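Enquirer: Have a look at this one.
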Amino acid sequence: MAEQVYDNQLMGRAVSTASLETRLDMNKKFQSTDFDSWLMARLNPKAGEDILDVGCGTGAQSIPFLKNVGPEGSVSALDIAADSVAELIRKSGNSPNLSAAVSDMGKLADVIDRQFAVKQYDLAQSSYALYYSAERMAVLDTMRKHLKPNGRLAVFTPNAPHGMVEFVRQFADIPGGVDECMEFGPNVLEPYFRKHFWDVTVHFFHNVVRIPTVADFVSFYRSTTYYNASVEEQLGAVVENKITENGFFEYEKNGYLIIGQSQF
10 MAEQVYDNQL MGRAVSTASL ETRLDMNKKF QSTDFDSWLM ARLNPKAGED ILDVGCGTGA
70 QSIPFLKNVG PEGSVSALDI AADSVAELIR KSGNSPNLSA AVSDMGKLAD VIDRQFAVKQ
130 YDLAQSSYAL YYSAERMAVL DTMRKHLKPN GRLAVFTPNA PHGMVEFVRQ FADIPGGVDE
190 CMEFGPNVLE PYFRKHFWDV TVHFFHNVVR IPTVADFVSF YRSTTYYNAS VEEQLGAVVE
250 NKITENGFFE YEKNGYLIIG QSQF
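In this note's numbering, the protein residues as written are 10 to 273.
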């Protein structure tokens with residue numbers, strides 16, 4: 010699989026706090042299945058555990074982790090966007106159980122060594138983030154090597170088919186990095202996990218998103234990494250017709266979660 014390449018504009022939307030919050034908000038409002046609950050049920054964070062969250066964003070996973078691990082556990086979180094990390098800290102109420110760092114995930118090993126008090130983890134996870142890094146394999150190695158005995162490594166990534174991407178593809182080119190992230194789970198993660206872990210579990214996530222207004226669609230589309238201003242009006246017209254016919258614009262959204270448990 011070729012290395013993903015994101016230009017500065019697309020990468021900016023990928024890590025932008027405003028774009029991230031828009032995507033999270035739209036998904037929560039209009040999804041048929043609650044992703045956060047689905048993910049937490051499978052990651053199963055427990056009281057007293059130490060958790061590493063790579064590409065934490067504004068805390069979609071870190072905040073539930075803090076609630077689950079309780080006062081005896083900890084969350085160490087990293088993200089490249091300083092405003093996202095600041096928002097995470099705010100949401101946590103400046104929790105003493107949270108250590109949050111602003112850094113490219115490619116420097117994860119150095120951050121753990123120099124900034125995080127906790128160095129070994131019961132769970133190291135990354136959701137909707139790892140595939141953005143050009144150093145993704147080194148990041149995986151670092152996460153794995155900092156697991157406690159019987160620790161878990163978990164990564165969630167988009168998975169094909171993605172209805173919104175396919176809809177937009179009818180009108181505009183999709184950046185190569187977007188398509189590659191849809192293959193990241195089975196093509197990159199699964200061989201790695203099966204090489205390094207004795208216990209590997211794969212979960213497939215399926216969701217249906219129903220957007221009720223053109224304004225909501227446009228807001229969401231502008232926040233994506235495959236936004237193309239030249240087709241926005243054309244897409245909006247098609248979406249408006251769908252909403253007139255059905256009461257909503259619907260697409261499927263799939264994901265891939267892989268969890269490996271260390272063998273010592």
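The C-beta atom is built at its ideal place from N, Cα and C for all residues, glycine as well.
Keep in mind it's a predicted model, so treat the numbers as computed, not measured.
Let's test the definition: count the other Cβ atoms within 10 Å of the Cβ of P184 and tell me whether it reaches 16, buried, or not, exposed.
Expert: Classification of P184: buried, given that the 10 Å Cβ count is 16 or more.
Enquirer: I'd like the list of long-range same chain contacts for Y15, defined as Cβ closer than 6 angstroms, with 5 residues on each side in sequence excluded.
Expert: Only weak support is given to the placement of Y15: the predicted model assigns it a pLDDT of 48, under 50, and the value that follows is read from those uncertain coordinates. Result list for Y15: G186, in chain order.
Enquirer: DSSP on G140, reduced to helix/strand/coil?
Expert: It should be noted that the sequence gives Tyr, not Gly, for residue 140. Y140: helix per DSSP, three-state reduction.
Enquirer: Does the separation of the CB atoms of V120 and A133 fall below 7 angstroms?
Expert: No; because the gap between Cβ atoms is not below 7 angstroms, this pair is not in contact.
Enquirer: If you follow the alpha helix (DSSP H) that Q243 is part of, which residue opens it and which one closes it?
Expert: Residues E241 to N255.
Enquirer: At a cut of 8 angstroms, does the stretch 204–219 reach the stretch 256–272 through at least three beta carbon pairs?
Expert: Taking 8 angstroms as the limit for Cβ pairs, the verdict is that the stretch 256–272 does touch the stretch 204–219.
Enquirer: What are the boundary residues of the alpha helix (DSSP H) that P73 is part of?
Expert: Start and end: S71 to V78.
Enquirer: Thinking Q129 and L156 are a contact (beta carbons under 8 angstroms), I'd like their distance in whole angstroms, please.
Expert: Right, their Cβ atoms sit about 7 angstroms apart.
Enquirer: For A126, which of helix, strand or coil comes out of DSSP?
Expert: It is coil, neither helix nor strand.
Enquirer: Counting only the same chain and skipping the five closest in sequence on each side, list residues whose C-beta sits under 7 angstroms from that of D113.
Expert: I89.
Enquirer: Give the list of continuous alpha helix (DSSP H) stretches no shorter than 4 residues that lie fully inside the stretch 168–224.
Expert: Qualifying alpha helix (DSSP H) stretches, in chain order: 172–178, 185–193 and 199–205.
Enquirer: Would a C-beta distance cut-off of 7 angstroms place Q243 and F180 closer than the cut-off?
Expert: For Q243 and F180, yes; Cβs fall inside 7 angstroms.
Enquirer: When you compare the CB positions of G68 and L97, do they come within less than 7 angstroms of one another, or not?
Expert: Cβ distance < 7 angstroms, so G68 and L97 count as in contact.
Enquirer: I need the boundaries of the beta strand (DSSP E) containing K262, first residue and last residue.
Expert: Note, K262: beta strand (DSSP E), F258 to Q270.
Enquirer: Please return the same chain residues whose Cβ sits closer than 6 angstroms to the Cβ of M49, not counting the five positions on each side in sequence.
Expert: Contacts found: P73.
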